[in-house]
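Mapping of the sequence shown onto the numbering used here: residues 2 to 81, in sequence order.
In this text, a Cβ means the ideal position worked out from N, Cα and C, and glycines have one as well.
Below is one structure, written out as structure tokens; comments come after it.
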Amino acid sequence: MGLYRVTLGIDRAAKDTHRRMTLTVPAQDRLSAAIAAEHIGDGMVRDPSVEYTHAVSVKPAPQPKPAAAMAMAVPMAVAA
Numbered sequence: 002m003g004l005y006r007v008t009l010g011i012d013r014a015a016k017d018t019h020r021r022m023t024l025t026v027p028a029q030d031r032l033s034a035a036i037a038a039e040h041i042g043d044g045m046v047r048d049p050s051v052e053y054t055h056a057v058s059v060k061p062a063p064q065p066k067p068a069a070a071m072a073m074a075v076p077m078a079v080a081a
């Protein structure tokens with residue numbers, strides 16, 4: 002399973018609103034990522050009765066560098 006960055010277009014009825022949103026979703030492949038992102042995006046539109054989303058672009062999300070991943074994994078001490 003990997004992370005994918007999906008850019009969604011938002012349409013109102015049959016017209017493009019020229020609004021976009023980008024989501025990062027975990028999925029097995031690009032198609033699964035697009036479907037998952039569209040499902041999430043459909044719940045985030047202003048008027049769900051006439052607006053919906055569609056995937057415009059699906060790309061693998063950049064992986065964090067090993068040093069950055071280690072920094073996130075090591076807890077920091079808090080001075081009292």
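Inter-residue Cα distance where the pair is residue i and residue j
i       : j      : result
Pro-61  : Asp-48 : 29 Å
Leu-24  : Lys-16 : 22 Å
Val-169 : Pro-65 : An answer regarding residue 169 cannot be provided, because it is not within the stretch 2 to 81 covered by the chain.
Lys-39  : Val-51 : The sequence shown places Glu at residue 39, not Lys. Each residue's Cα considered, the two are about 15 Å apart.
Ile-36  : Tyr-53 : 12 Å
Thr-18  : Arg-6  : 21 Å
Asp-30  : Met-2  : 8 Å
Arg-20  : Val-46 : 10 Å
The alpha helix (DSSP H) enclosing residue i, as first and last residue numbers
i      : result
Ser-33 : 31–43
Identity of the residues DSSP links to residue i by a beta bridge
i      : result
Lys-16 : Arg-13
Val-26 : Tyr-5
Arg-21 : Gly-10
Residue range of the beta strand (DSSP E) that includes residue i
i      : result
Ala-56 : 52–61
Residues of its chain near residue i, where Cβ-Cβ distance is below 7 Å and the 5 sequence neighbours each way are ignored
i      : result
Gly-42 : Leu-9, Met-22, Leu-24, Thr-54
Residues near residue i by beta carbon distance below 8 Å, same chain, minus five either side
i      : result
Pro-67 : none
Close beta carbons around residue i, own chain, < 6 Å, minus the five adjacent residues each side
i      : result
Ala-34 : Tyr-5, Val-7, Val-26, Ala-28, Val-59
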